[in-house]
Amino acid sequence: MTPLIVGGLLAVACWLAMTPSQTSRGRPTRVGRRRRYAARRQSPATAPVSELAEVAELLAMALTGGCGVTEAVELVGDLYPGVLGAHLRTVAAAARWGLEGAARWDAVPAEWAPVRNALALADEAGIPPAQALTTAAEDIRRREAHRIEVAAARFGAKAVLPLGLAFLPAFVLTTIVPVVFLLARDLLR
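For what it's worth, our numbering labels the leading residue of the sequence shown as 10, then goes sequentially.
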């Protein structure tokens, strides 16, 4: 009978955990607030890192193909309909207005720093920027891979405690408690 009660309590706890995050009065619970805050924290003005690396490589290809920097930025900006395209079109417009070098990139987020730095380095050194942009794309990917590895390592360390707290009681209940009950029954006879 006891396993049925424990199973029923676990089923009720799971059901309560899986219900929507709204209380009966319509206010969000703590979990609902946390989800909404996390969604608000992710700005729509940011772009995925992998796409930034792709943009850097596309800029390098366009420059290798014979486009000027402004034309390449405008061309690649037209390829991307979302946030990335808007950022690149902003940079191209700034170049058409006459802004020089890194000042063109002031209106876009800091994520674009590797691309901006590669173009500024190539401009200052007087070299073609295609190789610098390819190197910037590799650096962006390498940094993102490192960030993912660090996050995975942190997750592994953070997952040990909850798993231990979940498995230790199960181990005690399935191995030690039955042995103690059997020994107590034998001693009481």
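Cβ atoms here follow ideal geometry from the backbone N, Cα and C, with glycine treated the same way.
Quantities reported herein were computed from a predicted structural model and do not represent experimental measurements.
Notebook entry, point to check: Is the Cβ-Cβ distance between Ala146 and Glu83 less than 7 Å?
Noted result: If you check the CB distance, Ala146 and Glu83 do not come in under 7 Å.
Next item on the list: Count the other C-beta atoms from every protein chain shown that fall within 10 angstroms of the C-beta of Trp114, then say buried if there are 16 or more, exposed otherwise.
Entry: Taking all protein chains in view, the Cβ of Trp114 is crowded by 16 or more other Cβ atoms within 10 Å, so the residue is classified as buried.
Check: Which residues bound the alpha helix (DSSP H) around Asp115?
Finding: Run containing Asp115: none; DSSP gives neither H nor E here.
Check: Any idea if Thr143 is buried or exposed, counting beta-carbon neighbours within 10 angstroms, 16 or more meaning buried?
Finding: Buried is the label assigned to Thr143, since at least 16 other Cβ atoms lie within 10 Å of its Cβ.
Notebook entry, point to check: If you run the structure through DSSP and keep just helix, strand and coil, what is Pro123?
Noted result: For Pro123, the secondary structure class from DSSP, reduced to helix, strand or coil, is helix.
Item checked: Reference Gly74; option with closest CA among Leu182, Pro138, His155 and Ala168 -> The shortest Cα separation from Gly74 among Leu182, Pro138, His155 and Ala168 belongs to Pro138.
Margin query: If distances are taken between C-alpha atoms only, which option among Val58, Ala81 and Gly173 comes closest to Arg101?
Written below: It is worth fixing the name first, because residue 101 is Ala in this sequence and not Arg. Among Val58, Ala81 and Gly173, the Cα nearest to that of Ala101 is on Ala81.
Check: Shortest alpha-carbon distance to Glu96 belongs to which of Val159, Arg151 and Val117?
Finding: For the record, residue 96 in the displayed sequence is His; it is not Glu. For the residues Val159, Arg151 and Val117, the minimum Cα distance to His96 belongs to Val117.
Notebook entry, point to check: Can Ile157 and Pro123 be called in contact, C-beta distance under 7 Å?
Noted result: Between Ile157 and Pro123, the C-beta spacing is not below 7 Å.
Margin query: Here's the rule: buried if 16 or more other CB atoms are within 10 angstroms of the residue's CB, otherwise exposed. What is Val186?
Written below: Here Val186 is exposed: its Cβ has fewer than 16 other Cβ atoms, across all protein chains shown, within 10 Å.
Next item on the list: Please classify Arg198: does DSSP put it in a helix, a strand, or coil?
Entry: Shown here, Arg198 sits in coil according to DSSP, grouped into three states, outside any helix or strand.
Check: Which one of Val58, Thr11, Gly77 and Val188 has the shortest CA to CA distance from Asp132?
Finding: For Asp132, the closest of Val58, Thr11, Gly77 and Val188 by C-alpha to C-alpha distance is Gly77.
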